[in-house]
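Okay, structure first, notes after.
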Amino acid sequence: MKKYLSVIPLVFLLCFVVGCQDKAAMAELEEFRAKAMAEEQNNAKLMNVVKKIQEAMDNHDSIAIAQCYAEDATMVMPGEPEPVRGREAIAKNQEVFFRAMPDVNVKFITLLSGNHIVFEGTTEGTFTGPMTTPAGDIPPTGKSAKFKFVFIAKVNADGLIEEDRTYYDTADFMRQLGIID
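Under the numbering used here, the final residue of the sequence shown carries the number 250; numbering is consecutive throughout.
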């Protein structure tokens, strides 16, 4: 009987330890579940931005593209001497692009992470409208271009792009359009 009495405290200790581990495991599981739900909601917000941009690009709608950006957003692109700042300037930048290549077609492969969207894409179009540059308008050549680009955007809490950086080979683009040799 004494042997059994000495085991009782060990049983209570074991139950206490197991109970604490279960509580810790449950707390860890709840924390993981909350993070997963927050990430899922964040990714849904980012995908909404992606869908809006793709639709606006498909429709050549520079205003709709600009509406995806915060009022004070910054756009950094090759060929621009300074970053494009503000929603209105971004709309004008996109309008110049659509005017120069009215048949442009842009397709994305999308990656999401945290508050960033990354597109790897292909742009294809024909240079049939004037291309406005800081040095003046370049007359259309009628030649086509197809080039790859990478777009990296930081999205704010309101689901608007606050900064984007776009990279592509401008020399290859200009060669294809017949602007440079």
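Ideal placement from N, C-alpha and C gives every residue a C-beta, glycine not left out.
Source: prediction; values computed, not measured.
One or two residues paired with residue i in a DSSP bridge
| i | result |
| --- | --- |
| residue 186 | 181, 222 |
| residue 217 | 191 |
| residue 231 | Residue 231 is not bridged to any residue. |
Residue i classed as buried or exposed, judged by whether at least 16 other C-beta atoms fall within 10 angstroms
| i | result |
| --- | --- |
| residue 233 | buried |
| residue 129 | buried |
| residue 96 | exposed |
| residue 138 | buried |
| residue 183 | exposed |
| residue 148 | exposed |
| residue 122 | buried |
Contact under 8 Å by Cβ, residue i with residue j
| i | j | result |
| --- | --- | --- |
| residue 126 | residue 132 | no |
| residue 140 | residue 156 | yes |
| residue 212 | residue 163 | no |
| residue 181 | residue 115 | yes |
| residue 178 | residue 188 | yes |
| residue 209 | residue 192 | no |
| residue 240 | residue 200 | no |
| residue 218 | residue 190 | yes |
Neighbourhood of residue i by C-beta, 8 Å cutoff - its chain only, sequence neighbours within 5 removed
| i | result |
| --- | --- |
| residue 118 | 137, 186, 222, 224, 228, 229, 230 |
| residue 143 | 152, 153, 154, 231, 232, 233 |
The ligand GTP heavy atom lying under 7 Å from the CB of residue i
| i | result |
| --- | --- |
| residue 143 | Ligands displayed in this structure: none; no statement on the ligand GTP is therefore possible. |
Close-in-space but distant-in-sequence residues of the same chain around residue i (CB under 6 Å, 5 per side omitted)
| i | result |
| --- | --- |
| residue 214 | 242, 245, 246 |
| residue 160 | 131, 132, 135 |
Contact set for residue i: own chain, Cβ-Cβ below 7 Å, skip 5 residues either direction
| i | result |
| --- | --- |
| residue 112 | 181 |
> What are the complete beta strand (DSSP E) segments, minimum 3 residues, inside the segment 89-165?
Replying inline: With a minimum length of 3 residues, the continuous beta strand (DSSP E) runs that stay inside the segment 89-165 are 138-145.
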